[in-house]
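Participant: In our numbering, the protein residues as written are 1 to 310.
Heads up, the beta-carbon is just placed ideally off N, CA and C, and yes, glycines get one too.
Attaching a single structure in structure tokens format; questions to follow.
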């Protein structure tokens, strides 16, 4: 073991930069370089690029280490959890260095970096949304007022929800009016853009419509529900047929989207049949406007748990 293991005053970051061969990782391990990621209290964390020996050959490897100064020495553990939001740009640099030091084609290394950068963009979006929680709470109260107004119609809900993609869950970043974006024969109300860049189809129907009607002893879909489902299924089919032309025409990647129909209000007697229908529908979901409200409240709770970057 090298002499630095018992020296609490040593700066592991400076040591890694100036003399990686002396980094405290144990005997027989050659440290090529790396990046210290975090120091909190007595803990240090780092990602190291090492030369791992396999018989007579050596291969570069990335290893994740953590140290805690304890009883006069750095106690080391090889595994630790890390927050990607805190270290993403360091990780990009490390992956690039790893790609340069290995047999991975450079194009694949760039692809890994792009994926991490995209992940960072998503994290940035969540952090920005967390800062808007007070505004989102006000929007929820406005939505509740609209829903409780007996005069509310489909147009009122269109006008309100067109700027509230977040109410449909964390995965959604914005709402697009499909008739302005896509020029194919069939039309739906909106396209919900997901954080991964793809889109889902949203159809808004009247809050006064009934989801189910009683037929004999059974609950069956109402005519309004059947019509809405048929409309969305037709739209999904058209999108599949015209996928390439839509992408070329608009730049929008609407690849196998999910369809969401929002119709009517929730009541206890519809709960089980609605759950059953959603379980057996393929790539289509039926929501009530109360489900949208519940989703919005749950989304805020998720945003509250987003931790700020260290």
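Residue 214 to residue 149, Cα distance in whole Å?
Facilitator: Here residue 214 refers to the residue found at position 214 of the chain shown. Here residue 149 refers to the residue found at position 149 of the chain shown. About 26 Å.
Participant: Would you say the stretch 241-250 touches the stretch 269-286, given that touching needs at least three Cβ pairs under 8 Å?
Facilitator: They do not touch, by the three-pair rule.
Participant: Roughly how many angstroms separate the alpha carbons of residue 20 and residue 50, rounded to a whole number?
Facilitator: Translated into the one-based positions of the chain shown, residue 20 becomes position 20. Translated into the one-based positions of the chain shown, residue 50 becomes position 50. C-alpha separation (whole angstroms): 10 Å.
Participant: Once DSSP output is grouped into helix, strand and coil, what is the label at residue 329?
Facilitator: Only positions 1 to 310 of the chain appear in the structure, and residue 329 is not among them; the question remains open.
Participant: Between the stretch 196-208 and the stretch 224-232, are three or more C-beta pairs nearer than 8 Å?
Facilitator: Verdict: yes, contact present.
Participant: Taking just the CA atoms, how far does residue 125 sit from residue 22?
Facilitator: Taking the chain shown and counting its residues from 1, one reaches residue 22 at position 22. Taking the chain shown and counting its residues from 1, one reaches residue 125 at position 125. C-alpha separation (whole angstroms): 40 Å.
Participant: Assuming contact is defined by CB atoms lying nearer than 8 Å, are residue 34 and residue 46 in contact in what I supplied?
Facilitator: What you label residue 34 is simply residue 34 of the chain shown in a count that begins at 1. What you label residue 46 is simply residue 46 of the chain shown in a count that begins at 1. Yes, Cβ-Cβ distance for residue 34 and residue 46 is below 8 Å.
Participant: Assuming residue 302 is part of the alpha helix (DSSP H), what are its boundary residues?
Facilitator: Here the question's residue 302 lines up with position 302 in the chain shown. Start and end: 289-304.
Participant: Tell me, to the nearest whole angstrom, how far the beta carbon of residue 166 is from that of residue 190; I am working on the premise that it is less than 8 Å.
Facilitator: Against the chain shown, residue 166 aligns to sequence position 166. Against the chain shown, residue 190 aligns to sequence position 190. Not confirmed; about 13 Å, so no contact.
Participant: Check whether the stretch 256-268 and the stretch 280-288 touch, using three or more Cβ-Cβ pairs below 8 Å as the test.
Facilitator: Yes, the stretch 256-268 touches the stretch 280-288.
Participant: Excluding the 5 residues flanking residue 129 on each side, which residues of the same chain have their C-beta closer than 6 Å to its C-beta?
Facilitator: For the purposes of this step, residue 129 is identified with residue 129 of the chain shown, where counting begins at 1. The residues are 303.
Participant: Excluding sequence positions up to five away, which residues of its chain have a Cβ less than 7 Å from the Cβ of residue 29?
Facilitator: Taking the chain shown and counting its residues from 1, one reaches residue 29 at position 29. Hits under 7 Å: 50.
Participant: Check residue 167 in the structure and name its three-state DSSP category.
Facilitator: Position 167 of the chain shown, counting from 1, holds the residue named residue 167. Note: residue 167 maps to helix in three-state DSSP.
Participant: In the DSSP output, which residue or residues are listed as bridge partners for residue 126?
Facilitator: The residue labelled residue 126 in the question sits at position 126 within the chain shown. None; residue 126 has no bridge partner.
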